[in-house]
Amino acid sequence: MKFARSNGLTTKGLRTQIVLVDEAKRTWPATLHVKRDQIRLTGWRKLMIKNDLKIGDACMFKLVEDGDVPVFSFYNLGKKKTNNHVQVKKESRSTIKIKTMTGSNLGNHPYFILTMKPSYREWGLCLPVEFSKSCRLKAGEMILRNDKGRSWKIQLKKKGEKYYNFGYGFRDFWDANGLEVGDDYKFELVENEEDKPPIYLASEFVRKNGLLNKEEMILKNDDERSWMVDVKHGRKYCYLGQGWKGFCAANGLKEGDLIKLELVSNGDIPVAKFYIQ
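Numbering (full-length UniProt numbering) for the sequence shown: 1 to 277.
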């Protein structure tokens, strides 16, 4: 921490992009995370592997360029220790925080927080047992949505009797959102379609607008806010699934309300305008 303060690293922001240069003059991007009493370095796993850095080894960082993107020279000292070194320690267990939904406050969605590990990208992220149990999760397709509203379909797989993990599709989500090993991320369950009846679309509306081969639709309200919903297909019916519950909650829809959907764009992802009659 003394090194960080003396070089002005604590004033750059909570998260600062840096460049590490190893002894072979290869460059590696990494991230500095500033907290009250510590500085944490993430994103340098590839450098560690390439330089054969092992648990217990000592390494040294030298600030050689202090700009918008600081540049550090990296030295692997092996087992040799000096007064100014950083020791590589074994990765600690993930920090897990879980919040479950209570009947008196349904606005609070259940969530958990995990510290990312390299294995999560390669083999999938294992969900906390308490979270999976309290939310009554079931194996199948799941939607992961980032804070910008973009969605990714992933497979929720069951491992053994009580474990679930994010399987196929999670690596794409990881890469697209730039998740970093060592960072903490919050996963919040905002919709669970287990007991939510779907809204069926009129057959004529579906055929006329070519929705039989569509899998998603964007719904817009009067304020031009958008929601992505899944278009599901049964033997005789087409209906709106994942995403519809959140749309209803956000727009205050209640049982018995009469609504109108008007298709305003029919591209790869159709766009429909929503009106309350």
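Heads up, the beta-carbon is just placed ideally off N, CA and C, and yes, glycines get one too.
Close beta carbons around residue i, own chain, < 7 Å, minus the five adjacent residues each side
| i | result |
| --- | --- |
| residue 310 | There is no way to answer for residue 310, as the model of the chain reaches only from 1 to 277. |
| Lys153 | Glu141, Ile143 and Gly169 |
| Val129 | Lys162 and Tyr163 |
| Gly267 | none |
| Asp172 | Trp152 |
| Lys214 | Val231 and Pro270 |
Segment limits, beta strand (DSSP E) that includes residue i
| i | result |
| --- | --- |
| Lys46 | Premise fails: Lys46 lies in the alpha helix (DSSP H), Arg45 to Lys50, not in any beta strand (DSSP E). |
| Pro29 | Thr27 to Val34 |
| Val19 | Arg15 to Val21 |
| Val129 | It is not in any beta strand (DSSP E) - Val129 instead sits in the alpha helix (DSSP H) that spans Val129 to Ser134. |
| Lys186 | Asp184 to Glu188 |
| Asn146 | No beta strand (DSSP E) contains Asn146, which DSSP labels as neither H nor E. |
| Lys62 | Ala58 to Glu65 |
| Ile39 | Ile39 to Thr42 |
| Lys273 | Val271 to Ile276 |
Contact check, residue i vs residue j, beta carbons under 7 Å
| i | j | result |
| --- | --- | --- |
| Val181 | Arg45 | yes |
| Glu188 | Ile269 | no |
| Phe74 | Asp22 | yes |
| Trp227 | Gly210 | no |
Residue of the options minimising C-alpha distance to residue i
| i | options | result |
| --- | --- | --- |
| Lys159 | Ala176, Ser132 and Lys148 | Ser132 |
| Thr27 | Gly43, His33 and Cys248 | Gly43 |
| Val71 | Glu215, Ala139, Asn146 and Ala30 | Ala30 |
| Ile276 | Pro270, Asn221 and Leu263 | Asn221 |
| Ser134 | Pro110, Lys117 and Glu122 | Pro110 |
| Gly246 | Leu63, Ala139, Gly149 and Lys54 | Gly149 |
| Thr16 | Asn177, Lys254, Gly234 and Asp68 | Asp68 |
| Asp223 | Ala250, Ser203 and Tyr237 | Ala250 |
| Ala24 | Lys157, Gly234, Lys50 and Val34 | Lys50 |
| Glu122 | Trp174, Leu219 and Leu47 | Trp174 |
Limits of the alpha helix (DSSP H) - the one that residue i falls within
| i | result |
| --- | --- |
| Asp175 | Phe170 to Asn177 |
| Arg150 | Neither: Arg150 is in no alpha helix (DSSP H) and is coded neither H nor E. |
| Glu122 | Pro118 to Trp123 |
Own chain residues within Cβ distance below 8 Å of residue i, not counting five before or after
| i | result |
| --- | --- |
| Lys90 | Low local confidence applies: a pLDDT of 39 at Lys90 is under 50, so the model's placement there is unreliable, with the coordinate-based value given in what follows. Ile55. |
Quick check for students: name the residue ranges of the beta strand (DSSP E) that lie wholly in the stretch 200 to 268, counting only runs of 3 or more. The stretch 200 to 268 contains these whole beta strand (DSSP E) runs: 216 to 220, 226 to 233, 238 to 240 and 259 to 265.
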